[in-house]
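Enquirer: Okay, so the sequence shown: first residue is -7 according to this note's numbering, each after it adds one.
Ideal placement from N, C-alpha and C gives every residue a C-beta, glycine not left out.
Could you have a look at this structure, given as structure tokens, before my questions?
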Amino acid sequence: MDMSSLLGVLLSSDSVSGVSKATKADNNEVASVLNAALPMLLKGAKKQSEDKDTAESFATALLSHGKKDTSNLSSFLKNVDLDDGSKIIGHLLGKDDDSVKKIAKSSGVSTKKTGDILSAAAPLLMSLLGQESASKKSDSNVALELAGALLKNVDVGDLIGDLLGGDNKKKKSSKKKDNDAGEIIGDILGALLK
């Protein structure tokens, strides 16, 4: 699975609907939170995979999560462990609530609901990243290398822009007001992941 496929699964209608059911948030709230959170989550995953203090435990977590079956997103998300998701969010975004509050403000969704949505989506993100690692070899060093490769040198902004219907042209400013969600998300992600 490449980054485009991974993001496609995370932003799919099945994923949004599953997270919505797991958290009692409506689909628009879920989509808004995921769109606001993905740059930070991916940046956090990249940091975890590159930091010498966290790399090995992150690779082990990827392998563990990668064993979970995500072929049926509805079933996976119906049984998602929100406590585990909350711990993942703590690792990817930090222990304080500042990042969650920032995502809540950006998405226009309450901080409580934003935290719940992130806690439901985080195990899916880890499972998808882990499946790519596990499909190659169940060795933490290989998992670490694959996670790093998956998250490195990828223009996530263009990928999400494409998935949301934006064009591939990079914008000069992420502050530009525009009604095209794909372009806005592309700008934000492009800026965060450079």
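Could you check how far apart the C-beta atoms of L69 and A14 are, in whole angstroms? I think they sit under 8 Å.
Expert: Rounded, the Cβ-Cβ distance is 5 Å, consistent with contact.
Enquirer: From which residue to which residue does the alpha helix (DSSP H) around N27 run?
Expert: Note, N27: alpha helix (DSSP H), 19 to 42.
Enquirer: Do you know how far the Cα of E21 is from the Cα of S99?
Expert: Their Cα atoms are separated by approximately 8 Å.
Enquirer: Taking Cβ to Cβ, would you say S111 is nearer than 8 Å to G86?
Expert: Result no, Cβ atoms of S111 and G86 do not sit closer than 8 Å.
Enquirer: Less than 8 Å between the beta carbons of I81 and P115, yes or no?
Expert: Contact: no.
Enquirer: Taking just the CA atoms, how far does K60 sit from G0?
Expert: Those two C-alpha atoms are separated by around 18 Å.
Enquirer: Leaving aside the five residues before and after G36 along the sequence, list all residues of the same chain whose C-beta is less than 6 Å from its C-beta, in chain order.
Expert: If we look at G36 and ignore the five residues flanking it on each side, its Cβ neighbours are L84, L85.
Enquirer: Rounded to whole angstroms, what is the Cα-Cα separation between S24 and S4?
Expert: Going from the Cα of S24 to the Cα of S4 covers about 13 Å.
Enquirer: Work out the CA separation of L55 and A29 for me, nearest whole Å.
Expert: Between A29 and L55, the C-alpha separation is close to 23 Å.
Enquirer: Start and end of the alpha helix (DSSP H) containing D6?
Expert: Looking at the DSSP string, the run of the alpha helix (DSSP H) that includes D6 is 5 to 15.
Enquirer: For S12 and N19, what's the separation of their Cα atoms in angstroms?
Expert: Taking the straight line joining both Cα atoms gives about 6 Å.
Enquirer: According to DSSP, is S66 helix, strand or coil?
Expert: Three-state DSSP puts S66 in a helix.
Enquirer: Tell me the rounded alpha-carbon separation between D90 and M32.
Expert: Distance between the alpha carbons of D90 and M32 is about 12 Å.
Enquirer: Run the CB neighbour count on E124, radius 10 Å, all protein chains shown included, and call it buried at 16 or more, exposed below.
Expert: Per the 10 Å Cβ criterion, buried.
Enquirer: Using three-state DSSP, classify L151 as helix, strand or coil.
Expert: At L151, the pLDDT of 48 sits below 50, so the modelled position is not reliable and the matter cannot be decided from this model.
Enquirer: Mind pulling the alpha helix (DSSP H) runs of 4 or more residues that sit fully within the region 91 to 128?
Expert: Taking only runs of at least 4 residues, the alpha helix (DSSP H) segments lying wholly in the region 91 to 128 are 103 to 128.
Enquirer: Answer with buried or exposed for N71, where buried requires no fewer than 16 other C-beta atoms within 10 angstroms of its C-beta.
Expert: Label assigned to N71: exposed.
Enquirer: For S119, count the other beta carbons within 10 Å of its own beta carbon; 16 or more makes it buried, fewer makes it exposed. Which is it?
Expert: Counting Cβ neighbours within 10 Å, S119 comes out buried, since at least 16 surround it.
Enquirer: Where A17 and G58 are concerned, what is the direct C-alpha to C-alpha distance, given to the nearest angstrom?
Expert: Those two C-alpha atoms are separated by around 26 Å.
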